[in-house]
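In UniProt numbering, the protein residues as written are 1 to 715.
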């Protein structure tokens, strides 16, 4: 497969990994069981993967399917990705079937025997959601390959912080030992909360002549840039089944024998994650809904015929949706031909097409797929309701539950937390309905996972499979769980290689915002995302006022031990983001100057809040640092507005803050002279729009000085 971006020689092979899932009706079950066809924000997962390949200029795509290959092929051939469709960006798109294949290793060994990959290729999975640009990674890979033919693979990783992060796989923590000077991966291991000890065994010879960092702060979306040597390595080891715990660990362990080097490309911007389980599906869905995976948002209308528009209260809604009076819908996605009855509450949920939701229904933090009926007075909490399911009057589905295809929950039934209901058993045979669970008029039974031969694997599955991550079911001392531990003999011998456990962290923006400490070193914290969200709610008029927000903001800072830099960044980001929202409003988008004025004056206390919390003082240095934070926030806004508008936004923001006595001329002039405002390609362009303001301030200061001199001479 050819790949033009990042140099000719790059390539891509797209593989969709599919697993089975209990179905409902015979005519639909297979078509909706492949993981890559499950709806994420009402778009099949594979759409995001193919969009990622297209945006990175992939030309040829080879898709390996596990189960349900016929349904996946039918979907592709009836979509805009079909090789015969004019809209298909790929010159080649082929499905490859492998008889008796049971793992990724089987697929890749088969690919090696076919001899259809002559150059470098990109290996991804069909559940990938990413907006990463691979240009730099491809160029780096090519340069390393030209310098050393034994450099066989580059793993693309994303910094995400050392602490809890919603798109980190919670049950398994990947541990990468890397040489930061050469970006070489030295060792790979995994730890889980269920292990007796939490260490990674490392051969000391790996560290000979190398500086090493133990990285547990990385997201691994399994985006691999490979050479044909990778396929040969898979073929040489028939016991390899999965890419990381088997292949990567094994190749790195035996690097002296095989002589091959694997490198990492660690990025700090962009979004990447795989919907490998329900917990990741939950996190990624809300990221797409919250516009953190831009341009993958509901209102980008990825599928033909979609008509989503962003309405008030962060609601994405298609045409022909009927919402009756006194119904509260916030932070939601609602598909076409859905009817929502009166006095219902829908919060932080995604609703598919052709759903019927009755009166006085409450749905929170949940996913309702297509053709679902939820009757009056029902409650659904943080659960997934699959296609054609039915929830009876007054029924309650508690958090963590999964109601599979075609299941009927009877009137006033109470479905306990983390319950999985299905019409089929694991072997796909029908199950007799458990009427004590779904009611006498219900249809479905509690799904039971098969027993594993390995008790440890069974426990790990119990931890990974549910929608909600919960360690309460295990007898563990959570306080003793750590990602990695290093017992290094600090003998002071400088000739010994160094191994450091790094916190090199990135932060949230849910993967796009980064907090820093006062030294400028990145420091991950959940503070940024929570602080920005709270401020936006106040700016939109959804909740509270700035007096109460100041207390919440301060409490949040103390709870997260956030630095002054993080404080300034959060305040600047929230106010700039609100102005951008007003500029991009569908019906009456405002010009930058009007959007800024509306942002800073619509709510009482906004200017005081910025001065007290964002700037934090009257000193020139504090004003300089906050102005720089505003500039960076405007630069980040170029992801949704063009650079010219971002420059006009910055100029209007600084002008309004000057007029509101938030910033003074000394602080603005100091910012203008600071070299940090001129770094990179975009910073100077955005900054240039402020030159008239700075020149006016400088002239006004000179005139003031002249007037003072004249006054002194008169005296």
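Just so it is clear, CB atoms sit at the ideal spot from N, CA and C, and this is done for glycine as well. Note that the structure is predicted; figures quoted are calculated from it, not measured.
Three-state secondary structure assigned by DSSP to residue i
i: residue 214; result: strand
i: residue 364; result: strand
i: residue 153; result: strand
i: residue 640; result: coil
i: residue 443; result: strand
i: residue 697; result: helix
i: residue 82; result: coil
i: residue 716; result: Residue 716 is absent from the structure shown; the chain starts at 1 and stops at 715.
i: residue 509; result: Below a pLDDT of 50, predicted positions are generally treated as unreliable, and residue 509, at 29, falls in that range; no measurement from the model is reported.
i: residue 343; result: coil
i: residue 184; result: strand
i: residue 65; result: coil
i: residue 179; result: strand
i: residue 98; result: coil
i: residue 105; result: helix
i: residue 736; result: The structure shown does not extend to residue 736, since the chain is modelled only from 1 to 715, so the question has no answer here.
i: residue 306; result: coil
i: residue 226; result: strand
i: residue 204; result: helix
i: residue 537; result: helix
i: residue 113; result: helix
i: residue 491; result: Summary for residue 491: the model assigns pLDDT 34, below 50, so the residue's position carries little reliability; its value from the coordinates is reported in the next sentence. Residue 491 falls in the coil class under three-state DSSP.
i: residue 543; result: coil
i: residue 350; result: strand
i: residue 60; result: strand
i: residue 717; result: Any question about residue 717 goes unanswered here, given that the chain covers just 1 to 715.
Proximity to residue i [Cα-Cα], best of the options
i: residue 178; options: 403, 450, 264 and 575; result: 264
i: residue 205; options: 160, 49, 545 and 255; result: 255
i: residue 56; options: 130, 93, 603 and 65; result: 130
i: residue 72; options: 379, 95 and 361; result: 95
i: residue 295; options: 272, 315 and 282; result: 272
i: residue 335; options: 357, 138, 571 and 633; result: 357
i: residue 312; options: 325, 248, 98 and 329; result: 329
i: residue 80; options: 97, 100, 104 and 48; result: 48
i: residue 542; options: 430, 603, 282 and 561; result: 603
i: residue 404; options: 392, 440, 446 and 429; result: 446
i: residue 340; options: 314, 310 and 371; result: 371
i: residue 318; options: 420, 279, 304 and 166; result: 304
i: residue 665; options: 683, 690 and 681; result: 690
i: residue 657; options: 626, 682, 435 and 154; result: 626
i: residue 216; options: 35, 157 and 616; result: 157
i: residue 128; options: 332, 260 and 293; result: 293
i: residue 389; options: 406, 449 and 139; result: 406
i: residue 132; options: 77, 260, 634 and 223; result: 223
i: residue 279; options: 172, 270, 699 and 200; result: 172
i: residue 391; options: 274, 409, 93 and 423; result: 409
i: residue 419; options: 368, 677, 384 and 316; result: 384
i: residue 242; options: 321, 102, 368 and 115; result: 102
Assumed close pair residue i, residue j - CB separation to whole angstroms, cut-off 8 Å
i: residue 640; j: residue 580; result: 6 Å
i: residue 338; j: residue 349; result: Wrong, their Cβ atoms sit about 12 Å apart, outside the cutoff.
i: residue 655; j: residue 693; result: 6 Å
i: residue 582; j: residue 599; result: 7 Å
i: residue 214; j: residue 175; result: 6 Å
i: residue 411; j: residue 395; result: 7 Å
i: residue 399; j: residue 468; result: 6 Å
i: residue 566; j: residue 528; result: 6 Å
i: residue 45; j: residue 35; result: 7 Å
i: residue 225; j: residue 122; result: 6 Å
Problem set entry | Continuous beta strand (DSSP E) assignments of at least 3 residues falling wholly in the stretch 371-415 | 379-381
Exercise. For the stretch 143-154 against the stretch 280-298, are there 3 or more C-beta pairs whose distance is under 8 Å?
Worked result: no
For this session: Write down every uninterrupted run of the alpha helix (DSSP H) in the stretch 545-605 whose length is 4 residues or greater and which is fully enclosed by it, in chain order.
Result: Unbroken alpha helix (DSSP H) runs of no fewer than 4 residues, entirely contained in the stretch 545-605, are found at 546-560, 564-583 and 592-601, following chain order.
For this session: Answer yes if the stretch 646-659 comes into contact with the stretch 590-601, meaning at least three C-beta pairs across the two stretches below 8 Å, and no otherwise.
Result: Yes, they touch.
For this session: Decide yes or no for the touch test of the stretch 210-223 against the stretch 179-188: beta carbon pairs closer than 8 Å, at least 3 of them.
Result: yes
Exercise. What are the start and end residues of each continuous beta strand (DSSP E) run of 3 or more residues lying completely inside the stretch 240-281, in chain order?
Worked result: Those beta strand (DSSP E) runs which fall completely within the stretch 240-281 and span 3+ residues are 261-267 and 272-274.
Problem set entry | Any 3 or more C-beta pairs closer than 8 Å across the stretch 99-109 and the stretch 231-238 | yes
Exercise. Does the stretch 535-544 come close enough to the stretch 567-581 that 3 or more CB-CB pairs lie under 8 Å?
Worked result: Touching, yes, given that three or more Cβ pairs across the two stretches are closer than 8 Å.
For this session: Please determine if the stretch 60-71 and the stretch 376-383 are in contact, where contact requires at least 3 C-beta pairs separated by less than 8 Å.
Result: no
Exercise. At a cut of 8 Å, does the stretch 605-616 reach the stretch 543-554 through at least three beta carbon pairs?
Worked result: yes
Exercise. On the three-pair Cβ rule with 8 Å, is the stretch 137-146 touching the stretch 185-194?
Worked result: no
Exercise. Of all the alpha helix (DSSP H) runs that stay within the bounds of the stretch 613-681, which reach a length of 4 or more residues?
Worked result: 620-636, 643-659 and 665-673
For this session: Please confirm if the stretch 429-441 is in contact with the stretch 239-254, defined as three or more CB-CB distances below 8 Å between the two stretches.
Result: no
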